[in-house]
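In order, the protein sequence lines correspond to chains V and G.
Counting in the UniProt record's numbering, the first sequence runs from 1 upward without gaps.
Counting in the UniProt record's numbering, the second sequence runs from 1 upward without gaps.
Glycine residues also receive a C-beta, built at the ideal position from the N, C-alpha and C atoms.
For reference, the structure discussed in these notes is given below.
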Amino acid sequence: MRFCPFAERTLLVLKAKGIRHEVININLKNKPEWFFKKNPLGLVPVLENSKGQLIYESAITCEYLDEAYSGKKLLPEDPYEKACQKMIFELFSKVPSLVTSFLRRQNKEDCSGLKEELHREFSKLEEVLTNKKTAFFGGNSLSMIDYLIWPWLERLEALELNECVDHTPKLKLWMAAMRKDPTVSAVLIDVKAHKGFIDLYLQNSPEACDYGL
Amino acid sequence: MSGDATKALGKGSSAPGPVPEGLIRIYSMRFCPYSHRTRLVLKAKGIRHEIVNINLRNKPEWYYTKHPLGQIPVLETSQCQLIYESVIACEYLDDAYPGRKLFPCDPYERARQKMLSELFCKVPQLTKECLVALRCRRECTDLKVALRQEFCNLEEILDYQNTTFFGGDCISMIDYLLWPWFERLDVYGIADCVSHTPALRLWIASMKQDPTVCALLTDKSIFQGYLSLYFQNNPNAFDFGLC
C-alpha cells in the first residue's frame, strides 16, 4: 500500500539493491479475500516469488532480499556489526506503535504524553549516533538499519511531530542526509500527499489508499 | 548442569574480569527461558563458554554496564563486544562460530524460521501470566484458552509440513528458540494446554531425545524448589539446588 511505512521498508531495499519487482497495492480498508492466502494476517508487505514462496513481516522481507539477491549488501557481513544493527532495530521498536497511537489520539492529554514518549525514544537513537560518531546508524555509509528506521521519520512533518526531534540534532542531521540518498528520494512521498492520505484514512475511507492517483 | 553451577552475583559483588581469549561469556540465570535459548545454541554448536549467573532480584551495579536495563541474556566476547536480546545472541553465535549451522543456508528457509518465531511470540508472556496466576491462586481459564489457541497455530504448521521438527526432519534453530517454554509447561502447571495438539506433543517427545536439550534439561524438583522460593520473594531462589 503506497502509504504504508512497513511496506516502504521493503520498497527501499528493492530499490537500493536494484531488484526487478512488480508492486500490487492492496486496499487495506477493503481487503480482497484472496489476500489472506498470501498472508493469513492480511497485512502488507508480503513478498511472493516465481516459486510461489511467500515472505512477510517487513524486517524479515528486507533480510530475505539482502540474502537472496546479489549486489550491494545492506547488512554487514561481520557477525557483530550485524548484531549491532539488530540491537539498534530493537531500540527503535516502540516508535511505530507510538506513531500509530498518535494518529488515533482522542484528546490533547494523549497528544502531549505521546509526544514526550516519542521524544524519549528519539533520544535513545541520538545516543547511538553520539556514541558511534558516524553519520548513519551503521557507520559512515547508509545501510539496512537506516532504511528500516526511515519511513517513520519521513512522516514526522505530515504528522506535525517535528518538535519531537528538536533536542536531537544528530538525528536531524541524519534525516537531512537520508533525504539526499537517491533511493530514499525515489521512494519519498511529499507532505501534502501524506496528509491527504492520513485524513481519508482516519475517516475510514476506502479511497484513502488511492489518494493522489 | 555442569558449568552452570555458579552462584548468582548480586549487589556488592565485584565485576568479573575481561573474558579470556578463546571463550565467550554469557550473563545468565539458571531458570530463565530466554537465557536457556542461548545456552542451547552454545551447547549445540560446541562453543567454549563461561557462564556468569546474575541475581535478577538484586542486580549488581556493574551489570548495568553490560545491559542498560540489566536484562539477561547478554553475550560478552574477549574483545569486550556485548550482544543482547536472546534471538540476536543466538543468531550472532550461529554466524560467528564455524561448525554445525543451526539456521538453514537457503534465504527462504531462513525467512520461514523467522516467520515461525513471530508466530510464537505471544507464548512467553502467556505462559508467564498463567504461572503467576496459578501461584497467586487466581483464575487463569481465559489465559489457558489463549495459550491453547497459540499452540493450535503451531500444531497447524507441523500438520501442514508433516515433519518432526519445525525446520524439517532435523532439529534446527527454530526448535531451540521455542523449546524453553515447552520444557516449563509441566512445572508451571499448564501441561494440559497441549492436550489437544498431538503433533506438538510428538515434537516435545522428539526434543527430549535431542542430546543438547537433554544436557541442559533442569530437574523438575529443582525447578519447583526455585519457583517456591521465587514466589516467596526469597533472594536465594536463583541458587536453589546448588551446593
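Check                                                                                                                            : Outcome
Per-residue contacts from V:Y147 into chain G (C-beta, under 7 Å)                                                                : By Cβ distance, chain G contributes nothing, its closest Cβ being about 17 Å from V:Y147, past 7 Å.
Contact test: G:R25 Cβ vs the ligand ZN heavy atom, cutoff 7 Å                                                                   : This structure simply doesn't include the ligand ZN, nor any ligand for that matter.
G:S35 in three-state terms, based on DSSP                                                                                        : helix
Beta-carbon proximity of G:N53 to G:P235, cut-off 8 Å                                                                            : no
Spatial neighbours of G:R184 in its chain, beta-carbon cut-off 7 Å, leaving aside the 5 residues before and after                : P33, T127
Local conformation of V:R9 per DSSP, three classes                                                                               : helix
Identity of the residue in V:V23, V:M1, V:A177 nearest V:N140 by Cα                                                              : V:A177
V:F102 to V:K108 span [Cα, whole Å]                                                                                              : 10 Å
Min CB distance V:Y80 to chain G below 8 Å                                                                                       : yes
Contacts around G:Y84, its chain only, beta-carbon distance under 6 Å, and the 5 residues preceding and following it disregarded : H67, V74
Neighbourhood of G:Q224 by C-beta, 8 Å cutoff - its chain only, sequence neighbours within 5 removed                             : V187
Residue-level contact to chain V via CB, G:V19, 8 Å cutoff                                                                       : no
Beta carbon proximity, V:I88 to chain G, threshold 8 Å                                                                           : no
Residue range of the unbroken beta strand (DSSP E) whose run includes V:L54                                                      : 54-56
Residues near G:P16 by beta carbon distance below 6 Å, same chain, minus five either side                                        : V52
Beta-carbon contacts of V:V99 that lie in its chain and below 6 Å, excluding the five residues immediately before and after      : W152
Test: V:A16 CB closer than 8 Å to a CB of chain G                                                                                : no
Simplified DSSP state of V:K195, which is helix, strand or coil                                                                  : helix
Beta-ladder partner(s) of V:V46, from DSSP                                                                                       : V:Y56
Limits of the alpha helix (DSSP H) - the one that V:H119 falls within                                                            : 108-132
Buried or exposed by the 16-neighbour rule on C-beta atoms within 10 Å, applied to V:N49                                         : exposed
Residue closest to G:G99, alpha-carbon to alpha-carbon, out of G:Q113, G:G46, G:C136, G:S195                                     : G:G46
Residue from G:L40, G:C136, G:N153 with nearest C-alpha to G:L177                                                                : G:L40
Residue(s) in a DSSP beta bridge with G:L168                                                                                     : Correcting the residue identity first, residue 168 of chain G is Gly in this sequence and not Leu. DSSP, once it has assigned bridges, lists G:F165 as partnering G:G168.
Contacts of G:Q81 in chain V (Cβ-Cβ under 7 Å)                                                                                   : Y80
Residue(s) in a DSSP beta bridge with V:F136                                                                                     : V:G139
Exposure of V:I24, with buried meaning 16 or more beta-carbon neighbours within 10 Å                                             : exposed
Test: V:K115 CB closer than 8 Å to a CB of chain G                                                                               : no
Supposed contact pair G:T212 and G:K43 - C-beta distance, whole angstroms, cut 8 Å                                               : 5 Å
Bridge partners - G:Y97, DSSP secondary structure assignment                                                                     : DSSP output for G:Y97 lists no bridge partner at all.
Beta-carbon neighbours of G:R110, restricted to chain V and to distances below 7 Å                                               : E67
Residue burial classification, G:T65 (beta-carbon count within 10 angstroms, cutoff 16)                                          : exposed
G:K114 vs V:I60 beta-carbon contact at 8 Å                                                                                       : yes
Beta carbon proximity, G:D95 to chain V, threshold 8 Å                                                                           : yes
Span of the alpha helix (DSSP H), counted from its first residue to its last, around V:L188                                      : From DSSP, V:L188 is part of no alpha helix (DSSP H); its letter is neither H nor E.
Three-state secondary structure (DSSP) of G:V19                                                                                  : coil
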